[in-house]
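Q:
There are 4 protein chains.
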Amino acid sequence: MGDVGNKGGRPRSEQARAAVLHAVDDLLVEVGYAAMTMKGIAERAGVGRQTVYRWWSTKAEILFEASMYDAGHELSVPAWGDALRQVTEYLLALTRFLTTSDAGAAYRALVAAAQQDAAVAELIASKDILGDSARVVLGRVAAERPLPVSLAQATASLVGPTFYWILSGRDPRELRPAELAKTFLADLDARTPA
Amino acid sequence: MGDVGNKGGRPRSEQARAAVLHAVDDLLVEVGYAAMTMKGIAERAGVGRQTVYRWWSTKAEILFEASMYDAGHELSVPAWGDALRQVTEYLLALTRFLTTSDAGAAYRALVAAAQQDAAVAELIASKDILGDSARVVLGRVAAERPLPVSLAQATASLVGPTFYWILSGRDPRELRPAELAKTFLADLDARTPA
Amino acid sequence: MGDVGNKGGRPRSEQARAAVLHAVDDLLVEVGYAAMTMKGIAERAGVGRQTVYRWWSTKAEILFEASMYDAGHELSVPAWGDALRQVTEYLLALTRFLTTSDAGAAYRALVAAAQQDAAVAELIASKDILGDSARVVLGRVAAERPLPVSLAQATASLVGPTFYWILSGRDPRELRPAELAKTFLADLDARTPA
Amino acid sequence: MGDVGNKGGRPRSEQARAAVLHAVDDLLVEVGYAAMTMKGIAERAGVGRQTVYRWWSTKAEILFEASMYDAGHELSVPAWGDALRQVTEYLLALTRFLTTSDAGAAYRALVAAAQQDAAVAELIASKDILGDSARVVLGRVAAERPLPVSLAQATASLVGPTFYWILSGRDPRELRPAELAKTFLADLDARTPA
DNA sequence: TCGTAAGCGAGACGGTACGTCTGGTCTTGAA
DNA sequence: TTCAAGACCAGACGTACCGTCTCGCTTACGA
Numbered sequence: 338m339g340d341v342g343n344k345g346g347r348p349r350s351e352q353a354r355a356a357v358l359h360a361v362d363d364l365l366v367e368v369g370y371a372a373m374t375m376k377g378i379a380e381r382a383g384v385g386r387q388t389v390y391r392w393w394s395t396k397a398e399i400l401f402e403a404s405m406y407d408a409g410h411e412l413s414v415p416a417w418g419d420a421l422r423q424v425t426e427y428l429l430a431l432t433r434f435l436t437t438s439d440a441g442a443a444y445r446a447l448v449a450a451a452q453q454d455a456a457v458a459e460l461i462a463s464k465d466i467l468g469d470s471a472r473v474v475l476g477r478v479a480a481e482r483p484l485p486v487s488l489a490q491a492t493a494s495l496v497g498p499t500f501y502w503i504l505s506g507r508d509p510r511e512l513r514p515a516e517l518a519k520t521f522l523a524d525l526d527a528r529t530p531a
Numbered sequence: 338m339g340d341v342g343n344k345g346g347r348p349r350s351e352q353a354r355a356a357v358l359h360a361v362d363d364l365l366v367e368v369g370y371a372a373m374t375m376k377g378i379a380e381r382a383g384v385g386r387q388t389v390y391r392w393w394s395t396k397a398e399i400l401f402e403a404s405m406y407d408a409g410h411e412l413s414v415p416a417w418g419d420a421l422r423q424v425t426e427y428l429l430a431l432t433r434f435l436t437t438s439d440a441g442a443a444y445r446a447l448v449a450a451a452q453q454d455a456a457v458a459e460l461i462a463s464k465d466i467l468g469d470s471a472r473v474v475l476g477r478v479a480a481e482r483p484l485p486v487s488l489a490q491a492t493a494s495l496v497g498p499t500f501y502w503i504l505s506g507r508d509p510r511e512l513r514p515a516e517l518a519k520t521f522l523a524d525l526d527a528r529t530p531a
Numbered sequence: 338m339g340d341v342g343n344k345g346g347r348p349r350s351e352q353a354r355a356a357v358l359h360a361v362d363d364l365l366v367e368v369g370y371a372a373m374t375m376k377g378i379a380e381r382a383g384v385g386r387q388t389v390y391r392w393w394s395t396k397a398e399i400l401f402e403a404s405m406y407d408a409g410h411e412l413s414v415p416a417w418g419d420a421l422r423q424v425t426e427y428l429l430a431l432t433r434f435l436t437t438s439d440a441g442a443a444y445r446a447l448v449a450a451a452q453q454d455a456a457v458a459e460l461i462a463s464k465d466i467l468g469d470s471a472r473v474v475l476g477r478v479a480a481e482r483p484l485p486v487s488l489a490q491a492t493a494s495l496v497g498p499t500f501y502w503i504l505s506g507r508d509p510r511e512l513r514p515a516e517l518a519k520t521f522l523a524d525l526d527a528r529t530p531a
Numbered sequence: 338m339g340d341v342g343n344k345g346g347r348p349r350s351e352q353a354r355a356a357v358l359h360a361v362d363d364l365l366v367e368v369g370y371a372a373m374t375m376k377g378i379a380e381r382a383g384v385g386r387q388t389v390y391r392w393w394s395t396k397a398e399i400l401f402e403a404s405m406y407d408a409g410h411e412l413s414v415p416a417w418g419d420a421l422r423q424v425t426e427y428l429l430a431l432t433r434f435l436t437t438s439d440a441g442a443a444y445r446a447l448v449a450a451a452q453q454d455a456a457v458a459e460l461i462a463s464k465d466i467l468g469d470s471a472r473v474v475l476g477r478v479a480a481e482r483p484l485p486v487s488l489a490q491a492t493a494s495l496v497g498p499t500f501y502w503i504l505s506g507r508d509p510r511e512l513r514p515a516e517l518a519k520t521f522l523a524d525l526d527a528r529t530p531a
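Chains as they are written, first to last, in this note's numbering: chain Y, 338 to 531; chain U, 338 to 531; chain P, 338 to 531; chain X, 338 to 531.
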């Protein structure tokens, strides 16, 4: 109920949809985002170009649909251990995601595209992959001691340093997730009234 | 001596060089980075295409040369007042740079391009606009109380949250530079042995 | 009986057939033969594309069925008056048909398509619109004085000059049907043994 | 003097021009006019598509430039013998041209395209291959006895019957050039005042 | 004061992706 | 079984830009 208004016609091919999403996943790894073309995607998927354009407007849109499901998994950390341990684990996962993961490469490509394309900006704003995963961890931390700052600020402080370091092309080895975690939690304690 | 091995020939036209740099500045504002083409730059500058290719390989290179001089100015804050004031001022300048400045738009375009293009990544790594400006402020803060963390980490913690928030497309109005400054300094105090 | 072998099922929709034929007539006038597409015909007729393909293979076939009935009427001349008058009337009708009539435009389009497509060539060879109408007139002329040449040659001599002049894009105003009629009959007399 | 207004730039490649014209000649024979595409021409010529579009708008234009030079040769008859002989020779050449010659196939394709495309119509009107060749023969005939009809009508009467017979898809074997020639000349005599 | 040599604007070159269009086929559910 | 609808794969359309090349011209320097 409620999902269709179509009165007839051949239904959308789920096979074609999956082929396109897989093709995009593969091509991102093989040739990179810039060299990925709508033409190439269609050919790799064994699909007509019109079929691609019928369901997606841009390669960014396809990539978003193809990659963002995986991202959530890679950024979740187990609910074991104390706050320091969980924050440290999260920052490790975040670093891994942004530097070596395929889904992370897709995410970086989308953030990059968003700087020049309002449509893509809206797309990534609509599902805040990094923020959502950070807030899960922040929720657990807040169970022990209430956050002394806004959730927005806490999220930015947790994700921001790592995000900046990697996106701006600094050497990831200079990053110390354990140290960053300590800094992050120290602030929380400092500002929490005893 | 020492700079040339040319035995003759017409010298490089300084006029052509300036025209290209101005054209890139203008075009970035008018059409954006993605829609900016080498062809368009040459035409806008009233210059042959070969002349552009002779001196720069990519539009990123031209943009870097054209914009990065301005960036330093926009990110410098006066050495007045206490640490909280200076850090707050810096975060305000950083926010302004990343959201509304033309030089900032150029910087964001270059960071974006760097995610897909190693040559651009190297380019922006060679001159760390944000980090350099941050370290000036950190130097002044360190004069009062020594930094309890590495300079790299302090830089990331200062710049990162704002960088992440804006680049990832969050609403800049949710950002409170004054609050972020307090958080940043609170950590320094907390971890500094009394 | 005798026309169908179908064992059941929905009968062919006469309404759909008529809609397609009308759509082709209209489209030929509105957009011309080259810009007429099977897709456009189906949409204009409010009919499924498969329905068009089910009953006709090409747009030429549809056009042939749609237009060739009218052609006979436009090329018939009354059996009044002497040979010169009838031949003159016929050449006038022929000129009108090839230059201004919709059915004539359809005929020209089919002749054009036939130059490149054997199937269309066979189609127009199967019903010799121009030849048939010419032979009606020739039959009446032959009643007065027997033709001194073959029917084929007489047909070609009667129809050819006008056909050539118009199809090859000459100015139709340079054509003098009355004069052509005289020329045509003069030959008949000259070669008819007294 | 007087031929150029260009102020610079790489000159047009005569090699590319020739390659395109040859490609069109070949493709017309191999795949026919309808299946000949601008893309195919460019690929066959080993030339960029833009290069084709830069100098010609349509395949008809290329074909015209490629074929019309040959056409003149094939339609010229030696100035030997009497009028009957020359007219007969001409009609034989015309029949050969329209039925078996490659240049003739190009001409038929252009006439066909002209029925639907005003630009092509203008093109073939600008150089009246058939008419020009016919008028050469008519000039020689007129040297003996002045034409009793207009040149236009004489041209149409000479070329028309054969043109019609072949273009409308009749069997060329029913055509008797010698007989047609006699008919044509008989008229001239009949209407010429003694 | 010339010749050599490099830079200059212009623009054609062979390529290739763009997003759209049509072709002809296939697959639904309703009639 | 036909019908309207519309998705499917394939591929040509004409345009834009890529990076290279080839012109004739314009500067410089050094013999």
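Even glycine gets a Cβ: it sits at the ideal position worked out from N, Cα and C.
Just checking, does the stretch 455 to 462 of chain P make contact with the stretch 361 to 377 of chain P on the three C-beta pairs under 8 angstroms criterion?
A: Judged by Cβ distances under 8 angstroms, the stretch 455 to 462 of chain P makes no contact with the stretch 361 to 377 of chain P, as fewer than three pairs qualify.
Q: At what residue ranges does the stretch 362 to 394 of chain Y contain a whole run of the alpha helix (DSSP H), taking only runs of 4 or more?
A: With a minimum length of 4 residues, the continuous alpha helix (DSSP H) runs that stay inside the stretch 362 to 394 of chain Y are 375 to 382 and 386 to 392.
Q: If we define contact as Cβ-Cβ less than 7 angstroms, is residue 427 (chain X) a contact residue for chain P?
A: On the fourth sequence, position 90 is the one that residue 427 (chain X) refers to. No, because no Cβ of chain P sits closer than 7 angstroms to the Cβ of residue 427 (chain X).
Q: Enumerate in chain order the residues of its own chain whose CB-to-CB distance from residue 536 (chain Y) is below 8 angstroms, with the five nearest sequence positions on each side excluded.
A: The first residue shown for chain Y is 338 and the last is 531, placing residue 536 (chain Y) beyond what the model contains.
Q: Which residues, in order along the stretch 390 to 423 of chain X, keep a beta-carbon less than 9 angstroms from a beta-carbon of chain P?
A: Flagged: no residues at all.
Q: Note down, in chain order, each residue of its chain lying with its Cβ closer than 7 angstroms to the Cβ of residue 515 (chain X), except the 5 sequence neighbours on either side.
A: Working through the fourth sequence from its first residue, we reach residue 515 (chain X) at position 178. Here the set comprises 425.
Q: For the alpha helix (DSSP H) containing residue 478 (chain U), list its first residue and its last residue.
A: Translated into positions along the second sequence, residue 478 (chain U) becomes position 141. Start and end: 466 to 481.
Q: In terms of residue numbering, what span does the alpha helix (DSSP H) encompassing residue 455 (chain X) cover?
A: The residue labelled residue 455 (chain X) in the question sits at position 118 within the fourth sequence. Segment 455 to 463, the alpha helix (DSSP H) holding residue 455 (chain X).
Q: Could you check how far apart the C-beta atoms of residue 427 (chain X) and residue 474 (chain X) are, in whole angstroms? I think they sit under 8 angstroms.
A: Within the fourth sequence, numbered from 1, the residue matching residue 427 (chain X) stands at position 90. Within the fourth sequence, numbered from 1, the residue matching residue 474 (chain X) stands at position 137. About 5 angstroms; that satisfies the 8 angstroms criterion.
Q: Between residue 500 (chain U) and residue 497 (chain Y), what straight-line distance do the alpha-carbon atoms span, to the nearest angstrom?
A: Here residue 500 (chain U) refers to the residue found at position 163 of the second sequence. Here residue 497 (chain Y) refers to the residue found at position 160 of the first sequence. Computed Cα separation, rounded: 7 angstroms.
Q: Give the range of the alpha helix (DSSP H) segment to which residue 510 (chain U) is assigned.
A: In the second sequence, the residue the question calls residue 510 (chain U) occupies position 173. From DSSP, residue 510 (chain U) is part of no alpha helix (DSSP H); its letter is neither H nor E.
Q: For a cutoff of 7 angstroms on Cβ pairs, would you count residue 378 (chain X) as touching chain P?
A: For this step, residue 378 (chain X) is matched to residue 41 along the fourth sequence. False, the Cβ-Cβ gap to chain P never drops below 7 angstroms.
Q: Sort X:512, X:490, X:472 and X:417 by Cα distance to residue 490 (chain P) and report the nearest one.
A: Within the third sequence, numbered from 1, the residue matching residue 490 (chain P) stands at position 153. Comparing Cα-Cα distances from residue 490 (chain P) to each of X:512, X:490, X:472 and X:417, the minimum goes to X:512.
Q: Below 8 angstroms on C-beta distance, what does residue 371 (chain Y) contact in chain U?
A: Within the first sequence, the letter at position 34 stands for residue 371 (chain Y). Per Cβ cutoff of 8 angstroms: 453 and 454.
Q: Hey, which unbroken runs of the alpha helix (DSSP H) at 4 residues or more fall wholly within the stretch 402 to 442 of chain U?
A: Qualifying alpha helix (DSSP H) stretches, in chain order: 420 to 436.
Q: Anything in the stretch 490 to 518 of chain U with a Cβ closer than 8 angstroms to a Cβ of chain Y? List those residues in chain order, please.
A: Under the 8 angstroms Cβ criterion, the stretch 490 to 518 of chain U contributes 490, 493, 494, 496, 497, 498, 499, 500, 501, 502, 504, 505, 506, 507, 511, 512, 513, 516 and 517.
Q: Starting from residue 494 (chain U), trace the alpha helix (DSSP H) in both directions and tell me its first and last residue.
A: Within the second sequence, numbered from 1, the residue matching residue 494 (chain U) stands at position 157. From DSSP, the alpha helix (DSSP H) with residue 494 (chain U) extends over 488 to 504.
Q: Where residue 417 (chain Y) and residue 517 (chain U) are concerned, what is the direct C-alpha to C-alpha distance, given to the nearest angstrom?
A: Locating residue 417 (chain Y) in the first sequence gives position 80, where the first residue counts as 1. Locating residue 517 (chain U) in the second sequence gives position 180, where the first residue counts as 1. The straight-line gap from Cα to Cα measures roughly 29 angstroms.
Q: Answer with yes or no whether the minimum CB distance from residue 440 (chain P) to chain X is below 7 angstroms.
A: Taking the first residue of the third sequence as position 1, residue 440 (chain P) is located at position 103. Not closer than 7 angstroms to any Cβ of chain X, the Cβ of residue 440 (chain P) fails to qualify, so no.
Q: So that I know if they touch, is there some Cβ in chain X lying closer than 7 angstroms to that of residue 445 (chain P)?
A: Counting from one through the third sequence, the residue named residue 445 (chain P) turns up at place 108. Yes - at least one Cβ of chain X is within 7 angstroms of the one on residue 445 (chain P).
Q: Pick helix, strand or coil for residue 484 (chain U), following the three-state DSSP scheme.
A: Residue numbering aside, residue 484 (chain U) sits at position 147 when the second sequence is read from its first letter. Three-state DSSP puts residue 484 (chain U) in coil, outside helix and strand.
Q: Distance check for residue 355 (chain X) and residue 397 (chain X), CA to CA, integer angstroms please.
A: Mapped onto the fourth sequence, residue 397 (chain X) falls at position 60. Mapped onto the fourth sequence, residue 355 (chain X) falls at position 18. The alpha-carbon atoms of residue 397 (chain X) and residue 355 (chain X) are separated by roughly 16 angstroms.
Q: Tell me, to the nearest whole angstrom, how far the beta carbon of residue 471 (chain Y) is from that of residue 506 (chain U); I am working on the premise that it is less than 8 angstroms.
A: For this step, residue 471 (chain Y) is matched to residue 134 along the first sequence. For this step, residue 506 (chain U) is matched to residue 169 along the second sequence. That pair is no contact at about 15 angstroms.
Q: With a cut-off of 8 angstroms on the beta carbons, I'd call residue 400 (chain Y) and residue 360 (chain Y) a contact; round off their distance for me.
A: Residue 400 (chain Y) sits at position 63 when you count from the first residue of the first sequence. Residue 360 (chain Y) sits at position 23 when you count from the first residue of the first sequence. Not a contact, Cβ separation roughly 11 angstroms.
Q: Give a yes or no on whether the minimum CB-CB distance between residue 479 (chain U) and chain Y is below 7 angstroms.
A: Position 142 of the second sequence holds residue 479 (chain U). Judged by the 7 angstroms Cβ criterion, residue 479 (chain U) is not in contact with chain Y.
Q: Among Y:368, Y:357, Y:402 and Y:366, whose alpha-carbon lies nearest the alpha-carbon of residue 386 (chain Y)?
A: Taking the first sequence and counting its residues from 1, the one referred to as residue 386 (chain Y) is at position 49. Taking only the C-alpha atoms, the option nearest residue 386 (chain Y) is Y:357.
Q: Interface residues of chain Y around residue 472 (chain U) at Cβ under 9 angstroms?
A: Taking the second sequence and counting its residues from 1, the one referred to as residue 472 (chain U) is at position 135. Those do not exist, as residue 472 (chain U) stays about 13 angstroms from chain Y at its closest Cβ, beyond 9 angstroms.
Q: Residue 430 (chain P) CB to nearest chain X CB: under 7 angstroms?
A: Mapped onto the third sequence, residue 430 (chain P) falls at position 93. It does not; no Cβ of chain X falls within 7 angstroms.
Q: When we look at the beta-carbon of residue 414 (chain P) and count the other beta-carbons within 10 Å, is it buried (16 or more) or exposed?
A: Position 77 of the third sequence, counting from 1, holds the residue named residue 414 (chain P). Result: buried.
Q: Verify whether the separation of the beta carbon atoms of residue 403 (chain U) and residue 453 (chain Y) is less than 7 angstroms.
A: Counted from its first residue, the second sequence places residue 403 (chain U) at position 66. Counted from its first residue, the first sequence places residue 453 (chain Y) at position 116. The answer is no: Cβ separation not under 7 angstroms.
Q: I want to verify the contact list: residues of chain X whose CB lies under 8 angstroms from the CB of residue 361 (chain P), in sequence order.
A: For the purposes of this step, residue 361 (chain P) is taken as residue 24 along the third sequence, with counting starting at 1. Those do not exist, as residue 361 (chain P) stays about 15 angstroms from chain X at its closest Cβ, beyond 8 angstroms.
Q: Against chain Y, with Cβ distances strictly below 7 angstroms, would residue 469 (chain U) count as a contact?
A: In the second sequence, the residue the question calls residue 469 (chain U) occupies position 132. Chain Y contact via Cβ: absent.
Q: How many Å lie between residue 384 (chain U) and residue 353 (chain U) at the Cα?
A: By 1-based counting over the second sequence, the position of residue 384 (chain U) is 47. By 1-based counting over the second sequence, the position of residue 353 (chain U) is 16. Looking at the two C-alpha atoms, the distance is approximately 7 angstroms.
Q: So is residue 520 (chain P) in contact with chain X if we call contact Cβ pairs under 7 angstroms?
A: As a position in the third sequence, residue 520 (chain P) is number 183, starting the count at 1. Closer than 7 angstroms to some Cβ of chain X, the Cβ of residue 520 (chain P) qualifies, so yes.
Q: Are the Cβ atoms of residue 523 (chain Y) and residue 524 (chain U) separated by less than 7 angstroms?
A: The residue given as residue 523 (chain Y) occupies position 186 in the first sequence. The residue given as residue 524 (chain U) occupies position 187 in the second sequence. Going by C-beta atoms, residue 523 (chain Y) is nearer than 7 angstroms to residue 524 (chain U).
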